[in-house]
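> Here it is, the structure in full.
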Amino acid sequence: MGSTKNYNNQALHTTSHELNELRERWDVLSELTSEGFFILEGGYCIYASPKGCEILGYSAEEIIGLHATQVVSEEYVEEVQHRIDFNIEKTFAPKLKRKDGTSFFAEITSRNREYKDRPVKIVILRDISDYKLSLQKLTESNNKYRTVIENAGDGIIVGDKNGNILEVNNSFLQMTGFLREELLHKHISSIFTRECLEQTPLRFDRVDSGETIIIERTICGKNGEFIPVEMNSKKPDSNHYLTIARDLRERKKAQDELLRKNEELKAAKDKAEESDRLKSSFLTNMSHEIRTPMNGILGFAELLKKQNLTPEQRKDYLNIILSSGQQLLSIINDVLEISKIETGYITIETIPFDIMGMLKEIITFFKPIAERENNTISINTSKCNLAILSGDPAKIQQVLTNLINNSLKFTRNGQVEVGIVTRSSETMFYVKDTGVGIPPESIDTIFERFTQAQHPGIEKSKGTGLGLSICKKLVEIMDGNIWVESTVGEGSTFYFEIPFVMV
């Protein structure tokens, strides 16, 4: 074969200006791929990417002007020349030779195009020598072939040109649970779910054209389990398909776990931010709630120092001081109670107690309070067996007291009904009122700390916003649950259920 210079003189018409133009256009793009990129005119190289030069072992100057047949092994020269003469574009894999004389297999894909109104061939070259060598060894020796397959960690499927399974390795059998004889000679489509085939049909035509297909699919195991896999399919020769199936279950599991952890972290972050917001709101609210009764106590205590007060005035001032003191004590008790609950310094006792006696005491206490706002308060025991129960009467009384107090706070000229329903293993209490009701947007948050339902047109009630939160915590500590049903303008009913032992 002649020298590079001879080829330049005989067949290459590309000017140095055109060569520089080609390099400026293609060098940057070709750096984005690990494959060699060439442009041939009449079979002669008029451009080679840096990677292409590296693969063949030539410098950029040396490779320009070389004919394609100069870089292929002798047994492929005729085929290469035939492809050039007849502008054949089909991908093939000849053996090439480097400048230093060493040879290797390459996958070559070409397309016919025009450059400055001259026909050229765009060539992509990929070094597949390692793959070709492995495949050749597998073909030459059935024992070596089987050893490589069986030792592979991923599942391997070998199919004939029609897609029928000829061989599978142990890794694939372990992955799917099938026996080898259950898969051999069956079509490869039989291992996939119908939904998988509908979404991503098998594309033998793309593999036949020399393309390597890498895609995620779902295999149906013998026991019906859906197994996500990454499948790498190629046609090593004209008569066989080779597919490598990588089990993605652990990867998917790790991804799901990571997603779950991220969601948990986000939820924790949101909860912490909400807690900070509630604490800030609580501190603002507390400063106001404490200041109000303190102003009442200090202000009217100062007025009592006057000498010219009538007995009636002194009585009124003392009542205001007493009421303010009780309000302040209630605030302090709420804060202490929620603190004990949050820190775990609270215990539940189980003792026999008279449930009816406790309810009567509560109603007796709240009756005068209800009458101040022209309300009535009553007990409904029609569904109660009137039994002595075993539980924590103090905590039950505290929950009922908070719920009744809450109902009276938002009820005027109405009724509050306290009811009890006893069952075989649990008891349900309820406090029903005909008050203002709770807006739908406040239902989900009504039991949260420092939260009070906002009623349009109604002045915000006094209190810390801890009462219902304390109720919820106490009920949960007693292994019960609490909920509310409400309609704005008609009233609310608070329910809570607690497991009890009837004595």
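Residue 697 is where the sequence shown starts when you use my numbering, and the numbers rise one by one after that.
All C-beta atoms, glycine included, are put in the ideal place defined by N, C-alpha and C.
Since this is a predicted model, take the numbers as computed values, not measurements.
Pull up the distance between the alpha-carbon of GLY851 and that of THR939, whole angstroms please.
Rounded to whole angstroms, GLY851 to THR939 spans 8 angstroms at the Cα level.
> Count the other CB atoms within 10 Å of the CB of ARG971; is the residue buried (16 or more) or exposed (fewer)?
Here residue 971 turns out to be Ser, not Arg, going by the sequence shown. Exposed, because fewer than 16 other Cβ atoms sit within 10 Å of the Cβ of SER971.
> Hey, could you find the ends of the beta strand (DSSP E) ASP823 is sitting in?
Taken as a continuous stretch (DSSP letters only), the beta strand (DSSP E) holding ASP823 covers 814 to 823.
> Going straight from the alpha carbon of ARG1010 to that of ARG973, what length do you get?
Near 43 angstroms, if we compare the C-alpha coordinates of ARG973 and ARG1010.
> For PRO1007, which of helix, strand or coil comes out of DSSP?
Three-state result, PRO1007: helix.
> So is LYS930 buried or exposed if we call it buried at 16+ other beta carbons inside 10 Å?
Flag for LYS930 reads buried.
> Candidates LEU1005, THR988, ASN1098 and SER983: which alpha carbon is nearest GLU1033's?
Among LEU1005, THR988, ASN1098 and SER983, the Cα nearest to that of GLU1033 belongs to ASN1098.
> Does the region 732 to 743 come into contact with the region 803 to 818, if we say contact requires no fewer than three beta-carbon pairs (one atom in each stretch) closer than 8 angstroms?
Result yes; three or more Cβ-Cβ pairs closer than 8 angstroms.
> Apart from the five residues on each side of it in sequence, which residues of its chain come closer than 6 angstroms, Cβ to Cβ, to THR908?
Within the same chain, THR908 has close Cβ partners LYS930.
> Taking just the CA atoms, how far does ILE1051 sit from ARG1167?
Note that residue 1167 is Cys in the sequence shown here, rather than Arg. Approximately 18 angstroms, taken between the alpha carbons.
> Cα-Cα, which of GLY917, THR1123, ALA997 and ILE760 is closest to GLY1087?
Checked all of GLY917, THR1123, ALA997 and ILE760; the closest Cα to GLY1087 is THR1123.
> Using the Cα positions of ARG814 and PRO746, report the straight-line distance between them to the nearest angstrom.
Roughly 24 angstroms between the two C-alpha positions.
> On the DSSP letters alone, give me the boundaries of the beta strand (DSSP E) that PRO1089 sits inside.
No beta strand (DSSP E) holds PRO1089; the alpha helix (DSSP H) holding it covers 1089 to 1105.
> Around the Cβ of PHE1061, are there at least 16 other Cβ atoms within 10 angstroms (buried) or fewer (exposed)?
Classification of PHE1061: exposed, given that the 10 Å Cβ count is below 16.
> Who pairs with HIS1202 in a beta bridge, going by DSSP?
Residue 1202 is absent from the model: the chain starts at 697 and stops at 1199.
> Between which residues of its own chain and ILE986 is the CB-CB distance below 7 angstroms, once the five residues before and five after are set aside?
The answer, listed in chain order, is LEU1024 and ILE1027.
> What did DSSP end up calling LYS1079 once you bin it into helix, strand or coil?
Residue state, collapsed to three classes: strand.
> Counting C-beta neighbours from all protein chains within 10 Å, is the total for ILE1044 16 or more, i.e. buried, or is it exposed?
When all chains shown are included, ILE1044 counts as exposed.
> So which of SER1165, ASN991 and LEU994 has the shortest CA-CA distance to SER1035?
Ranking SER1165, ASN991 and LEU994 by Cα distance to SER1035 puts SER1165 first.
> Measure from the alpha carbon of PHE1190 to the alpha carbon of each residue in VAL1112, MET1174, SER885 and SER1121, then state which is nearest.
When only C-alpha atoms are compared, the closest one is VAL1112.
> Using the DSSP secondary-structure output, state which residues sit across from HIS883 in a beta bridge.
Per DSSP, ASN860.
> Which residues bound the alpha helix (DSSP H) around LEU869?
Taken as a continuous stretch (DSSP letters only), the alpha helix (DSSP H) holding LEU869 covers 866 to 872.
> Could you compute how far the alpha carbon of GLU1186 sits from the alpha carbon of PHE1192?
Each residue's Cα considered, the two are about 20 angstroms apart.
> Whose C-alpha, out of SER825, ILE1134, LEU1014 and SER1103, is nearest the C-alpha of ILE993?
Among SER825, ILE1134, LEU1014 and SER1103, the Cα nearest to that of ILE993 belongs to LEU1014.
> If we ignore side chains and look at the alpha-carbon of each, how far apart do VAL1031 and ILE1100 end up?
If I take the Cα positions, the gap works out to 19 angstroms.
> Output yes or no for whether 8 angstroms exceeds the beta carbon distance between ILE1037 and ALA941.
No, Cβ-Cβ distance for ILE1037 and ALA941 is not below 8 angstroms.
> How do the region 945 to 965 and the region 854 to 866 stand: do at least 3 beta-carbon pairs fall below 8 angstroms, yes or no?
No, they do not touch.
> Express the C-alpha separation of THR889 and ILE756 in angstroms, rounding to a whole number.
The amino acid at residue 756 is misidentified as Ile; the sequence shows Ala. Those two C-alpha atoms are separated by around 51 angstroms.
> Within 10 angstroms of the Cβ of TYR1041, are there 16 or more other Cβ atoms? Answer buried if so, exposed if not.
Exposed is the call here.
> Check for me: the alpha helix (DSSP H) holding ASP781 runs from which residue to which?
Taken as a continuous stretch (DSSP letters only), the alpha helix (DSSP H) holding ASP781 covers 773 to 781.
> Please state whether DSSP places ASN1177 in a helix, a strand or coil.
If DSSP states are grouped into helix, strand and coil, ASN1177 belongs with the strands.
> Buried or exposed, going by whether 16 or more other CB atoms sit within 10 Å of the CB of GLN870?
Exposed, by the Cβ-count rule.
> In this structure, does DSSP put SER1121 in helix, strand or coil?
The answer is coil: DSSP assigns SER1121 none of H, G, I, E or B.
> Could you pull the start and end residues of the beta strand (DSSP E) that PRO924 belongs to?
Per DSSP, PRO924 belongs to the beta strand (DSSP E) from 922 to 933.
> Among the residues of its own chain, which have a CB less than 6 angstroms from the CB of SER1020, if the five just before and after it don't count?
Cβ within range, chain order: PRO989, GLY992 and ILE993.
> Measuring CB to CB, does GLU785 end up less than 8 angstroms from SER806?
Taking 8 angstroms as the Cβ cut-off, GLU785 and SER806 qualify as a contacting pair.
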